[in-house]
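Reading through the structure tokens given below for one structure.
In the UniProt record's numbering, the protein residues as written are 1 to 404.
See below:
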């Protein structure tokens, strides 16, 4: 991996470069006198896996240099210097430092630890986590409850992060009875950018073993978070957690998270067994298909199954043009109890029908994806759409007759 050393102290830079060039973990070390000397090409190529910034005597200027490098290069930044208090160290971390090299101590041993730690992080990044994204066809389909309970089941056997991407209106922290110190909305609006340390310090742990990153509630004056910042955040999460459960809520357009859907191992599309929700689910399926996302990993799921006068699953499948693989039973008493006490239903009632219905979903999450067939089946998108369109009118009338 390549390193960059930023310093206007020629003597110290020569000493640091000599130590870095002797390391077996580094290919080369480039020197710049000032952070703002970074070229646009260096910034866009992202060749430097680690940057060593020798702090200037002016502490405020040093913090500004750290923030600039973090935003310009999006890489691992090591602050180099002497710090007189823990408060100063915390300020450096908030400004973008990932690690610290103390010039008042022996350098070689510190450098060895820093580079080995970086190598470990890169090894984790090469093995991204399993991702399950939960998407609602419309409001009120229960994405939050399903996300919490699936995460709790996975956490019984493996490290699991639960991420609330319903920014401005998420409620996973309330469902689990947790009080986060920092939220995703705050992280994504941090002027110094996001890094592993900030995310790890924002995690709040539930007794079930689930690690939650809460969305944060908008006051109406909070600026919107752009999709590129969300992508950076979710990418870092994939490097930290072995398994990830994302609650995407019920956005009008699924194109808000195209990269996350592409990275997901499976996508659960939740709908209620009523006509409007099923039609919305069909629209979401069409949107996901138009994005080029692999349709095999999109799984329609009927939530609140068993409600009075619901549309039968076989009729829902005609509208969707897809098989409904899972049906989660309607159990309002259990869900209300668990929402009020902050305990996932799968832990409160492990033998309930609700819990038993979710276990096959988790099992599918851990299944290895089978290789594609040598001769793919031919399908006609337009003909499928025409069949579903013609079926809707007929089903709408038949459903009304069924309800009377």
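Here a beta-carbon is modelled for each residue, glycine too, at the ideal position from N, C-alpha and C.
- Distance between residue 272 and residue 359, taken at the CA atoms: about 20 angstroms.
- When DSSP assignments are scanned along the region 203-278, the uninterrupted stretches of alpha helix (DSSP H) that are 4 or more residues long and fall wholly within it turn out to be 227-240, 258-263.
- If one requires a minimum length of 3 residues, the beta strand (DSSP E) runs lying completely within the region 295-375 are 298-305, 326-329, in chain order.
- With a cutoff of 8 angstroms on beta-carbon distance, residue 148 and residue 344 are scored as near each other.
- A straight line joining the alpha-carbon of residue 113 with that of residue 291 spans about 43 angstroms.
- Its Cα nearest to that of residue 75, the residue 195 stands out among 195, 190, 240.
- Note: residue 135 is bridge-paired with 249, 269 in the DSSP secondary-structure output.
- Boundaries cannot be given for residue 140, as no beta strand (DSSP E) includes it and DSSP labels it neither H nor E.
- Per DSSP, residue 21 lies in no beta strand (DSSP E) segment; the continuous alpha helix (DSSP H) that holds it begins and ends at 10-21.
- About 7 angstroms separates the beta carbons of residue 246 and residue 260, which is inside the 8 angstroms limit, making them a contact pair.
- A residue is called buried when at least 16 other Cβ atoms come within 10 angstroms of its Cβ; residue 172 meets this threshold and is buried.
- Between residue 35 and residue 71, the gap from beta carbon to beta carbon reaches 8 angstroms or more.
- Within the region 59-98, the complete alpha helix (DSSP H) runs of at least 4 residues fall at 59-73, 86-95.
- The beta-carbon distance between residue 53 and residue 77, rounded to whole angstroms, is 6 angstroms. This is short enough to meet the 8 angstroms contact definition.
- The shortest C-alpha to C-alpha distance from residue 154 to any of 135, 210, 107 is the one to 210.
- According to the DSSP assignment, residue 174 belongs to the alpha helix (DSSP H) that extends over 172-175.
- DSSP places residue 184 inside the alpha helix (DSSP H), whose first and last residues are 184-188.
- A distance below 8 angstroms separates the beta carbons of residue 320 and residue 278.
- Taking the CA atoms as reference points, residue 132 sits about 45 angstroms from residue 56.
- Three or more Cβ pairs closer than 8 angstroms define a contact, and the region 289-304 meets that threshold against the region 321-332.
- For residue 179, the three-state secondary structure derived from DSSP is coil.
- Here residue 28 has 2, 3, 21 as same chain residues with Cβ atoms under 8 angstroms from its own Cβ, once five neighbours each way along the sequence are excluded.
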